[in-house]
Amino acid sequence: MILVNDRDQLEWHEGMTVQDILDEMNYTYSMIVVGLNEQIIHEVDYHTTLVEDNSKVTVFHLAHGG
Amino acid sequence: MALLNKSKRIDISVNGVKISAIENSNLIDSIKEAGIDLPTLCYHKDLTPNGSCRLCMVEVEERGKKKLVTACNYPVRAELNVNTETEKVKRHRKNLAEMYLGRWPNVPVIQEIAEKCGAVDKEKYKSDLTDENPKACILCTHCVRACDEFIQEKILGFAGRGYKRNVNMPFQKVDPHCVGCSSCAFVCPTGAISIDDNLNHPVNPEMIRDHGMKVNAEMATLDPYQCRMREVGTANIVEVMDAYDLLPVMNYKYGQHKDTPKMDSKVMKAKYFTQGHPDQCWHGCSMACAKAVEHFELKTGPYKGDKVIVDGPEYETAAGGSNMGCFDLDFIVEYNFYCDTYGLDTISYATCMAFVMECYENGIITKEDTGGLHLPFGATNDALEVLHQMARGEGFGLEFGQGIKYLKEKWAKKCPEKAQFIRDIGMEAKGLEYSEYVSKESLAQQAGYTLAIKGPQHDEAWLIFMDMVNNQIPTFEDKAEALYYFPLFRTWFGLYGLCKIVWNDVAPKDNSMKYPPQQAAKIPDHVYNYWKFVEGMTGRELNEQKMLDESARVHNLQKIMSIMLGKGERKDDIPPYRAMGPVTVEEYESRVLRYDKQLKDNGIDIEGKTSEEKVQLMKDFRYEQYRKVTDAAFTRRGWTLEGVPKIERLKELGIDLPELVEIVKDKQ
Amino acid sequence: MKRISKEDIVNISKRQNDEFNKYKNMLMVCTGTGCVSTGGISIRDKFNEVLKNKGLDSENIAIGTGCNGFCAVGPIVVVQPEGVFYQRVSLDDVEEIVESHVKNGKIVERLLHKNPVSGAINEKIDNIGFFTKQQLIALRNKGLIDPENIDHYIARDGYKALKKVLEENNPEKVVNDIIASGIRGRGGGGFPAGVKWESGRKAAIKRNEEIFVVCNADEGDPGAYMDRSIIETDPHAVIEGMLIGAYAVGSREGYIYIRKEYPLALDRLNVAIKQAREYGLLGENILGTDFSFDIHVHRGAGAFVCGESSALMQSMSGKAGEPRAKYVRSVEYGFRDKPTVLNNVETWANIPAIIDKGAEWFASIGTGDVSKNPWGGSSGTKVFSLVGDITNTGLVEVPMGITLREIIFEVGGGIPNGKKFKAIQTGGPSGGCIPESLLDMKVDFDSLSEAGSMMGSGGMIVMDENTCMVDIARYFTNFLVEESCGKCTPCREGLYAMKQTLDRICNGEGKEGDIEFLEEMSETIIDTSLCQLGGSAPNPVLSTIRYFRHEYEQHIKEKKCVGGICKSLIQYKINEEKCIGCTACARPCPVNAITGSVKKLHIIDQDICIKCGICREACKFDAVEVF
Amino acid sequence: MPNEHAMKMLSAHKLIAEFTYEPVELVKGYADRILRIDLDKNEIKTLPVTQQMKDLWIGGKGFDLWLTFQEINKNTKWDSNNNPICFSPGPLCGTATFPGAGKTLVTAISPLTGTIIDSNVGGYFGPYFKFAGFDSLVVVGKAKEDVIIFIDKTHNRITIETAPLESVDAHLISEEIPEMYADNELDKRNIAVVSAGRGAEHTKMGLLNFSFWDWRRDLPRLKQAGRGGIGTVFRDKKIKAIVARNAQVDPSWTIEESKTANYTRPLEVSKDCCSHSQVDEITKIANKWENNPEYVIEMMQDIQQRFRHIPESAIDTLNKITKTPKAHLYQIATFYKSFSLDQKGEKTIQVCMGTACHVKGAEKLLDNFERILKVKSGGTTVDKKYTLEAVACLGACSIAPVVKIGEEVFGNVQVKDCEKLLAKSEAKVEGK
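Chains A, B, C and D, in that order, are what the protein sequence lines are. Residue 8 in the working numbering is what sits at position 8 of the first sequence, and the numbering runs on without skipping anything. Residue 654 in the working numbering is what sits at position 588 of the second sequence, and the numbering runs on without skipping anything. Residue 965 in the working numbering is what sits at position 231 of the third sequence, and the numbering runs on without skipping anything. Residue 1449 in the working numbering is what sits at position 88 of the fourth sequence, and the numbering runs on without skipping anything.
Written out as structure tokens, the structure reads:
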């Protein structure tokens, strides 16, 4: 089970990447900061970084509104 | 260039060092990453590589073939074996440096490059073109590119061909349209360009310019990958709000709609907004987000048939469209235009019209009340007719123009059995119509809206992503801290004549890697830029605490004046329920899983309860939550539980002036 | 003129050929730029006027054709169908030709061509030395049709290839045919055209974007004018070539970028485009199919650099012609950042013939084997503009693989005025000078590059002994210094330094190490320049150093110019034996440096003489000599 | 300069109040001076700015609120005479070297909420008003009839004028006022208008439009101080527009003179430059090419043909019509050989310097023509009849050396033929 932002839970599956998590949560905003177990992931590596089971993922949206 | 997260990484080797480069990135980035300091002159990290000085040439082996390429603009597309120190490459560097030395012998930056490349002989390439001036222009093209990419004015350019090439403004006269942003002077490596600063006579103009340029550079390089402000302005978040279920649809009932793609920023860019045009609303703004629709033919009203220019639509106006159930951009652009020229607030008009439409669809009002207009959600033409009536001051338009608070009371009297429903769906507080965000799932934003002193406008606090998505402020204390910090931080810009959007609608490239997420959310580098701006102008050093205090003095003054006018009471800070939760069963069922879970998680038994009963349970629960967060927020702000600033808080801020204390002393 | 169908092409061809056959004599008067300047058009009009007056105009007609290529002997009239070749025809000869040849069938001897070497008189065009070695593909219609009449072109199998391509309805096959033909870019680069079409086509399909087809008619190489002549002679060949290319790569929009200095070619091109549009061969639903394509014309404004493809596309976008880095190829991101296939005029003109007669036929001509690899050889023919110190100056279209010696001495008729051959310059400013020792080299892309020169657009400037190779190197360097766009340092600064060095050497101020300095500079300019202008600019200098190093050393060490060109190193002297004192040299001398009374030996005062050469030109007895 | 429609409106103005003020230099972003306008008494005066005010309230919304606090009492309603509309640009406002520093904060008691509404807005009014030498503007009282408040830095004068004929709707009045007050087209960008609209007269949702002139589009642009009905208060006070005019000081921009600058600068500006007839002809030429920016080079060739040079008005007109930046047009005019900034002679003598012609002695021809015409290659004879040019390859190499006079090509030219050719073309000129 993957914990997102200390709240939402996602099923883990083999070969799951950071990008899969973003797609599943429908996080499409461009200005985000992604942390995987306290380690910041660079934007280019979203779809290549594998996520183990029981990882903690934080996805921070840097928006403060128009 | 493709969005960053679509491209992959490619392994290359630079002088034997393994580097994992981003596909289509410029080779020089990887060479720098390998710790090699290539000699460059025309390369500038914030400008599109020009490849004109040729000093950065390196040997590249790709698919078995060896060739010399300029590193600054060579796209990494396949495995490469790079050698930056072959004999041939070093020889060419020396020759090229000698060519520069021959032409501009006394320019410091050229003497440095010559030293780095082992070039010594100043006579070899001496000619009648040789320029002894140490501040000579060395045709590195930075200024021309900055005038184009930093500020989009395109005033500076080249003249002449071949050896006659030189940089200037047309006819070598100062072009009256130069806005004096001094980007060209900033990027010039030799000091060839000088421009004296503006009419404010700041203490330290360089300090202001150097920090302003950082943001200009970010806009030039990062905007296409971030908010695309130069392409679509604030309308870039239309599709984002829809994706996060926050776009107000049909009087805030829902947060998204299947027709949103018909009106999102992609359509605006493709068919409406003029692209590639500098749209700043004051000189020197690199964000330039005031997009416009040109030659738009009006279809209704007194100016029907005219081809006009329309400022916008910005996000609020577009979201007003979805709030009225109108997803047709032609309608949105037209109501944007008529609101502007009639001097009407698009937000008040749209939110009020959404309220009228919901009342109309629920039979609270009929054609008799609307002077024969048919006004269900999506009634674009009749909605426009109301707008024209408002201008003419006649018919239903006149009544509509009094706002939701007036209509609420009037129609509550007309149908007393639906009075509560009417008050729940009338999205106004303190008489001001809500701006266009769905706050019902974010307790922090509900308070952000209704604790704002002037009324529910989000420029005091926009906490939805922090609260609902990032889950950064789970506890009441967190929320209270945010409801203390952000209203002060965001309104600080309004004390100095600054635009808040430039603070965080573009962020430095390393912002997310340099700061922990909590900090990164405030974009610390940009906040530091503003402190330096204030110091450069006034000589006063600023830090976060001073900044918040400056803002808190004005914030409390406004609160006190509101109290004086009999308005600043706690009862005015209560949101209509539509802003806090599902008013109707229909709404409840559209998010039934989330709502049932929230009730159960908070120990509320919903076993066997009907939807109506669950709606009521949710309502009571959320108003209770709201009461708690208000208490926490007032306490954190140093106010009484009635929201009256305490005298010791005024003392703390140094604004315990007699005429202010007079107003609050007997309300402590 | 109404829009025509596929069948109409056959009918028009038949109708026009019947009309041709109706005439006993068709007087084909050359009206290329060269012959126009010597009165070609007025000769044509006078012929028709005289024929009318003599009532012979029903069976005979005079037609103004494009350039025959043999400009040295213009104005040219070829009487078809016999092919009798009259040269240096003047207005006064018209009466005689009509009276004797047309009316009485008697050929006017004095106007026939005399072979400069053998002295033989040749009646027919086909057995004149200048023409025998030629094989016409790009210039197949030269001298046979009126370029401003589309029916003439159709009569000569015009648009037959387009019809065939549209009927086969297989664009991929067209691309493969062009690859198989092995045709390489005639603009100078020598890049296989088929390969270019294929990558353009793929890029357009992959990105689902429109693709443009461009004809580069900028022809900036000084000494080269084959593109002008092709457009003035047979504009429809270029249009049909572009149509076929557009169909093959899936393009709807084509552009021709033509030089400002070619007004006549521009007019004829516009007339041809107008006629093609009226026939529906350009525009929507060509020949009744769903293929639509139109051509727009852009006029250059005087910039050699705009011959470079990316600079040309900048110019077509209304910008200054500055090339950009070629790391992203223009077949992927060219004009308007869309896939763009750009080829030279001569390349396009070859396409219809390749489709008509087949790729194997084309590949069989020329050198090397292109069946397995399009880079494997140089197939087809190449049009060269043979100019300079050569008897038969003009345009020659010869199969690849012919030797330089054959071109110069058999086709070109050798060096006039009994002078000795010294060098031939090919490839224009990017090319080099080839000495006598290499004259037996086969002329094709690869051999020329190995010799340090380049095929280039096909300019061949022959130089006799009175040429100074250092001056030629300086000439090209000066040209490039003026034409460099100035964007990148090695070309802007390097070429300027190269010009200064060569100026010093020619002014007698050369010093030790100058040659090595030129070579060192050249290597950097070639390796580091942003585009091919800079990348090939040092070739003239390097090739003259390679083959004529001794002349450089003479200029530096002995301050002598053996070619008699560098002013500061030469002196004009009058030869006592030859001077008869006729004072012809003294009168025009602008600085009155020549003294001497009638019938007495004249002397040139070396201090005043500015070496302008007018006296040498004026003297009928070759008494004025240069040392 | 205003067209007659604007002239009619201007002449209908009646001056109600006038106030000339001492210009003051801003120091560290402050003018230390407030402008107060009372429409009841038609009185214009300035108020001082105390150090305490700057320390406590900084500027912008701070100044607005504090100034409002001095004017109102607990019974003041949105439509009371003493409900002030306050405008404060703020100490950093007007900076061009930092992005987004042009905002103005506007406040008033709102007809919707009954309490203070504050709204942040862009546009040029704030900076222009500030550079006139004021930190804030306070407007109290109500005018008897529609008026315009005009803050004119160029004359250091503030006036209140009746304005019966101007439109109320923002997109019209924001164009009428610049047309009325600007000295010329360029000057329009120095005029910024604050206006509301007819909707603001009859409803509580009125807003204020802050205009700026978009010189590229020749139209005013509107930014909104949108929320809370300040526009309603504006129209309730019968204000049609508040106008700020700035003495736009051109930024003193200089660049070190390049050694090659003289190659790309016209020696003398031609006399009939920028005349209306010239601009009309250039416009027709642009229209012929469908104003398509991709054909600016062809347009410039027609202009060169017609005027024998590229005048400054050509660059301005083509920029206006095709939106191609002037810098790009100027680069084209100095990049391509067929264009010249100085007027060429009636006829151009082109001596071909192609390789074939060079080998056949073209250089001697050029020297000879230089001697005859007494002008260096590239120059024009004093009587402006001939321009001598060395050109690269006219494409008639087989009849080298070649000389082209006007449109006529001459082959196999010898040095002694030069005079003859000139005489022949001379005759042709008289002959016509």
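Cβ atoms here follow ideal geometry from the backbone N, Cα and C, with glycine treated the same way. All values reported here derive from a predicted model rather than from experimental measurement.
- Message: Shorter than 6 Å, the distance from the beta carbon of C/Glu-995 to the closest heavy atom of the ligand ADP, or not?
- Response: Absent from the structure shown: the ligand ADP. Ligands present: none.
- Measure from the alpha carbon of B/Glu-475 to the alpha carbon of each residue in B/Gly-497, B/Phe-462, B/Gln-455 and B/Val-504, then state which is nearest. Cα-wise, what sits closest to B/Glu-475 is B/Gly-497.
- Task: Look at the alpha carbon of A/Leu-62 and the alpha carbon of B/Tyr-596, and state the distance between them as a whole number of angstroms.
- Result: Between A/Leu-62 and B/Tyr-596, the C-alpha separation is close to 18 Å.
- Message: Using 7 Å as the threshold, is the C-beta distance between C/Ala-721 and C/Leu-1236 below it?
- Response: This structure leaves residue 721 of chain C out entirely; chain C is present only between 735 and 1361.
- Message: Short of 8 Å in beta carbon distance, which residues of its chain neighbour B/Ile-713, apart from the five on each side in sequence? Order them along the chain.
- Response: The answer, listed in chain order, is Asp-722, Val-727, Val-730, Lys-731 and Gln-734.
- Would you mind sorting D/Leu-1628 into buried or exposed? The rule is 16 or more other CB atoms within 10 Å of its CB. Within 10 angstroms of the beta-carbon of D/Leu-1628 lie fewer than 16 other beta-carbons, which makes it exposed.
- Measure the Cβ-Cβ separation of C/Met-976 and C/Gly-988 and say whether it is below 7 Å. Against a cut-off of 7 Å, the Cβ pair of C/Gly-988 and C/Met-976 comes out as a contact.
- For D/Pro-1581, the three-state DSSP class (helix, strand or coil): Strand at D/Pro-1581.
- Message: Run through chain B and tell me which residues come within less than 8 Å of D/Trp-1576, C-beta to C-beta.
- Response: Those within 8 Å of D/Trp-1576 in chain B are His-243.
- Query: Grouping DSSP H, G and I as helix and E and B as strand, with all else coil, what is B/Pro-260?
  - Reply: It should be pointed out that residue 260 of chain B corresponds to Ser in this sequence rather than to Pro. Strand.
- Query: Listed in chain order, which residues of the stretch 1221 to 1241 of chain C have Cβ atoms closer than 7 Å to some Cβ of chain B?
  - Reply: If the cut-off is 7 Å between Cβ atoms, the stretch 1221 to 1241 of chain C has Lys-1221, Cys-1222, Thr-1223, Pro-1224, Arg-1226, Glu-1227, Gly-1228, Tyr-1230, Ala-1231 and Gln-1234 near chain B.
- Query: Hey, quick one: how far does the beta strand (DSSP E) through D/Gln-1711 stretch, first residue to last?
  - Reply: Note, D/Gln-1711: beta strand (DSSP E), 1708 to 1713.
- Message: Once DSSP output is grouped into helix, strand and coil, what is the label at B/Phe-466?
- Response: The answer is helix: DSSP assigns B/Phe-466 an H, G or I state.
- Simplified DSSP assignment, three categories, for C/Pro-926: The DSSP-derived three-state label of C/Pro-926 is strand.
- Query: Mind checking whether D/Ser-1535 and D/Val-1554 have CB atoms under 7 Å apart?
  - Reply: Result yes, Cβ atoms of D/Ser-1535 and D/Val-1554 sit closer than 7 Å.
- Cα separation between D/Ala-1608 and D/Asn-1551? Here the C-alpha atom of D/Ala-1608 lies approximately 7 Å from the C-alpha atom of D/Asn-1551.
- Query: Helix, strand or coil for B/Pro-271 per DSSP?
  - Reply: It is helical.
- Item | Whether C/Val-813 touches C/Asn-759 by CB criterion (7 Å) | Yes, the Cβ-Cβ distance between C/Val-813 and C/Asn-759 is below 7 Å.
- Say whether the stretch 111 to 126 of chain B touches the stretch 140 to 156 of chain B, bearing in mind that this needs 3 or more beta-carbon pairs closer than 8 Å, one atom from each stretch. Three or more pairs of CB atoms, one per stretch, sit closer than 8 Å, so the stretch 111 to 126 of chain B contacts the stretch 140 to 156 of chain B.
- At least three beta-carbon pairs within less than 8 Å, the stretch 470 to 485 of chain B to the stretch 350 to 362 of chain B: Too few Cβ pairs lie closer than 8 Å, so no.
- Message: Suppose the cutoff is 7 Å on Cβ atoms and the five residues either side in sequence are ignored; what does the same chain contact list for B/Tyr-109 look like?
- Response: The residues are Ile-94, Pro-115, Cys-122 and Cys-138.
- Quick one: Cα of C/Met-1189 to Cα of C/Gly-1128, how far? Straight-line Cα distance between these residues: approximately 17 Å.
- Query: Which bits of chain C does D/Phe-1511 rub up against, with CB to CB less than 9 Å?
  - Reply: Within 9 Å Cβ-Cβ: nothing; D/Phe-1511 doesn't reach chain C, min ~42 Å.
- Message: With a threshold of 7 Å between beta-carbons, can C/Gly-863 be considered close to chain D, or not?
- Response: It does not; no Cβ of chain D falls within 7 Å.
- Item | C-alpha distance - D/Thr-1748 paired with D/Ala-1688, whole-angstrom precision | Distance from the CA atom of D/Thr-1748 to the CA atom of D/Ala-1688, rounded to whole angstroms, is 27 Å.
- What is the rounded straight-line gap between the Cα of A/Thr-28 and the Cα of A/Gln-9? Taking the straight line joining both Cα atoms gives about 18 Å.
- Message: Buried or exposed for C/Phe-1361, going by 16 or more other Cβ atoms inside 10 Å?
- Response: Its Cβ having fewer than 16 others within 10 Å, C/Phe-1361 is exposed.
- Task: Report back the beta-carbon spacing between B/Met-165 and C/Thr-1201 to the nearest angstrom; my notes put them in contact at under 8 Å.
- Result: Beta-carbon to beta-carbon, B/Met-165 and C/Thr-1201 are separated by about 31 Å, too far to satisfy the 8 Å threshold.
- Message: Looking at chain A, is there any beta carbon in it that lies within less than 7 Å of the beta carbon of B/Gln-468?
- Response: Taking 7 Å as the threshold, the shortest C-beta distance from B/Gln-468 to chain A does not fall below it.
- Going by Cα to Cα distance, which pick from C/Val-1062, C/Met-1203 and C/Met-1232 is closest to C/Leu-1264? Of the candidates C/Val-1062, C/Met-1203 and C/Met-1232, the one whose C-alpha sits nearest the C-alpha of C/Leu-1264 is C/Val-1062.
- Query: Cα-Cα, which of B/Pro-171, B/Lys-132, B/Glu-145 and B/Thr-300 is closest to B/Val-155?
  - Reply: The shortest Cα separation from B/Val-155 among B/Pro-171, B/Lys-132, B/Glu-145 and B/Thr-300 belongs to B/Lys-132.
- Just confirm the distance between the C-beta atoms of B/Met-630 and B/Phe-443, as a whole number of angstroms; I'd bet it's less than 8 Å. At roughly 41 Å, the Cβ-Cβ gap does not stay under 8 Å, so B/Met-630 and B/Phe-443 are not in contact.
- Any idea what DSSP makes of C/Leu-1236, helix, strand or coil? Per DSSP, reduced to three states, the secondary structure at C/Leu-1236 is helical.
- Message: Please report the straight-line C-alpha distance between C/Ser-963 and C/Gly-1297, rounded to a whole angstrom.
- Response: If you draw a straight line from the Cα of C/Ser-963 to the Cα of C/Gly-1297, it is about 32 Å long.
- With 7 Å set as the bound, which would you pick, yes or no: does the beta-carbon of A/Asn-5 sit closer than that to a beta-carbon of chain B? Yes, because at least one Cβ of chain B sits closer than 7 Å to the Cβ of A/Asn-5.
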